[in-house]
Amino acid sequence: MLRTGRLTTAQRRALEELWPQFGLDIKAQAIDLADLFNRKAPVTLEIGFGNGENLVAMALAAPEQNFLGIEVHEPGVGHCLLGIEKHRLSNVRLIRHDAVEVLETAIADESLDRINLFFPDPWHKKRHNKRRIVQRNFTRLMAKKLREGGVFHVATDWPNYAEHIAEVLTNSPEFIELPEAPNDRTVTRFDKRGSKLGHTNWERAWCTRNKLPIQP
498 MLRTGRLTTA QRRALEELWP QFGLDIKAQA IDLADLFNRK APVTLEIGFG NGENLVAMAL
558 AAPEQNFLGI EVHEPGVGHC LLGIEKHRLS NVRLIRHDAV EVLETAIADE SLDRINLFFP
618 DPWHKKRHNK RRIVQRNFTR LMAKKLREGG VFHVATDWPN YAEHIAEVLT NSPEFIELPE
678 APNDRTVTRF DKRGSKLGHT NWERAWCTRN KLPIQP
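Take this note's numbering: the final residue in the sequence shown is number 713, and no numbers are missing along the way.
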């Protein structure tokens, strides 16, 4: 669900002025990613990018790649747009929509090179576990959308969710775990918050089975 919140003056301006350029309104048809970015290049999708710290940092570090971010929290989207403007990035586009629905209806099969999911809502109460995004249906969907050698990179600071993710991916025959996760993720407020709470980050990556991971 789309989530509103208190917007700063700068975030409100960004949503009004920058969204038409960098935002994408979802329709029930596949996005032409080459047309969207005006070029063909590897595409990384970040689901739930928060305030965009990592998304902007990765796009800044890899200008030869394209980055697509999904976030439903309006202030976070506004903050990310300000980062895009600050660094004059042309390789980032944003979506405000349900991530699963975007994957189902707007992302063509075998069109993504990487999917990042960092610190998703853990829904830590047992009765809410079914709301976690990482479920068996979700891994099937990701496998369809990733190109040959595509990577799923995930991080969480909730041990119970880490166990859940590991179990789901272990039982997803489309994926095989990589020896180590990519090391290009930036330190964000989620890392800092978890550290203050005494949490330890759990970070893993998988690629589609019998396929070599795409080189960075």
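Every residue gets a Cβ at the ideal spot worked out from N, C-alpha and C, and that includes glycine.
Owing to the predicted nature of the structure, the values given are computational and were not obtained by experimental measurement.
Compare the C-beta of residue i against all C-beta atoms of chain B and say whether one is closer than 8 Å.
i, result
"residue 583", "No chain B is present in this structure, which holds just one protein chain."
By how many angstroms is the C-alpha of residue j removed from the C-alpha of residue i?
i, j, result
"residue 564", "residue 604", "13 Å"
"residue 538", "residue 552", "16 Å"
"residue 703", "residue 658", "16 Å"
If I follow the unbroken beta strand (DSSP E) through residue i, where does it start and stop?
i, result
"residue 648", "643-653"
"residue 700", "699-705"
"residue 533", "No beta strand (DSSP E) contains residue 533, which is instead part of the alpha helix (DSSP H) from 530-534."
Who are the Cβ neighbours of residue i in its own chain at under 6 Å, not counting the five residues just before and after it?
i, result
"residue 680", "none"
Drop a sphere of 10 angstroms on the beta-carbon of residue i, count the other beta-carbons inside from all chains shown, and report buried for 16 or more, exposed for fewer.
i, result
"residue 686", "exposed"
"residue 505", "exposed"
"residue 629", "buried"
"residue 596", "buried"
"residue 705", "buried"
Following the continuous alpha helix (DSSP H) through residue i, name the residue where it begins and the one where it ends.
i, result
"residue 540", "Careful: residue 540 lies outside any alpha helix (DSSP H), inside the beta strand (DSSP E) at 540-544."
"residue 667", "656-667"
"residue 519", "516-519"
"residue 673", "Segment 672-674 is the beta strand (DSSP E) holding residue 673; no alpha helix (DSSP H) there."
"residue 631", "Unbroken run through residue 631: none, as it is neither H nor E."
Tell me which residues share the same chain as residue i and place their Cβ nearer than 7 Å to its Cβ, disregarding the 5 neighbours each side in the sequence.
i, result
"residue 669", "633 and 636"
If you drop the 5 nearest sequence neighbours on each side, which residues of the same chain put their C-beta closer than 8 Å to that of residue i?
i, result
"residue 683", "550, 551, 554 and 555"
"residue 606", "641 and 642"
(request) Check whether the region 514-527 touches the region 643-654, taking contact to mean three or more Cβ pairs, one atom from each stretch, closer than 8 Å. (result) Between the region 514-527 and the region 643-654, the count of C-beta pairs closer than 8 Å stays below three; the two stretches do not touch.
(request) Indicate whether the contact test is met: 3 or more Cβ pairs, each with one atom in the region 655-675 and one in the region 523-532, closer than 8 Å. (result) Touching, no.
(message) Taking 8 Å as the cut-off, does the region 544-559 touch the region 634-643 (at least 3 CB pairs, one atom from each stretch)?
(response) Three or more beta-carbon pairs separated by less than 8 Å are not found between the region 634-643 and the region 544-559, which leaves the two stretches without contact.
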